[in-house]
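Report on one structure; see the data block that follows.
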Amino acid sequence: MNRQEDIEQQMIVKWSQQATIRGKYPELKLLYHIPNERKCSAREGARLKSMGVKSGVPDLCLPVARGKHHGLYIELKTKSGKVSDAQKWWQAELNGQDYLSAVCYGWEQAIKVLADYLEGKL
Numbered sequence: 001m002n003r004q005e006d007i008e009q010q011m012i013v014k015w016s017q018q019a020t021i022r023g024k025y026p027e028l029k030l031l032y033h034i035p036n037e038r039k040c041s042a043r044e045g046a047r048l049k050s051m052g053v054k055s056g057v058p059d060l061c062l063p064v065a066r067g068k069h070h071g072l073y074i075e076l077k078t079k080s081g082k083v084s085d086a087q088k089w090w091q092a093e094l095n096g097q098d099y100l101s102a103v104c105y106g107w108e109q110a111i112k113v114l115a116d117y118l119e120g121k122l
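If you count the sequence shown from 1, position 99 lands on 99 in full-length UniProt numbering, and the numbers rise without skipping.
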């Protein structure tokens, strides 16, 4: 993640933790970040890979079923961000397993997807 994506993701989490939002969507207590982006030494990278860290895994997970979906994954991008081939692969695989995997460009789009998902609109 780049610095701007970090800030946007923090805005999503901050939104999800507001009392009024949690009152409306209590399931947001289960929203979590998947810390898959790391700059580290080759040795540390090999250790993390051996523990299951995989390239392209989405940034956020909401393990809450809605409709035909088992849960929601969000790949967060800045408004000018690009989706990598590994991220496209994960999105297709997750969607194929009846999860909803969405790419969101900016925090505003991500909170709309979260709210729409929890309201059963997606």
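Glycine residues also receive a C-beta, built at the ideal position from the N, C-alpha and C atoms.
Assigned with DSSP and collapsed to three states, Tyr32 falls in strand. For the 9 Å CB-CB criterion, Leu122 and Tyr25 do not form a contact. Thr78 and Glu8 have their C-alpha atoms some 8 Å from each other. With distances taken between CA atoms, Gln4 lies nearest to Ser80 out of Leu94, Lys68 and Ser80. The criterion of a C-beta distance shorter than 9 Å is satisfied by Gln97 and His70. In the same chain as Asp116, and ignoring 5 residues on each side of it, the C-beta atoms closer than 8 Å to its own belong to Leu122, in chain order. The distance from the Cβ of Leu28 to that of Arg22 is about 6 Å, consistent with a contact at the 8 Å cut-off.
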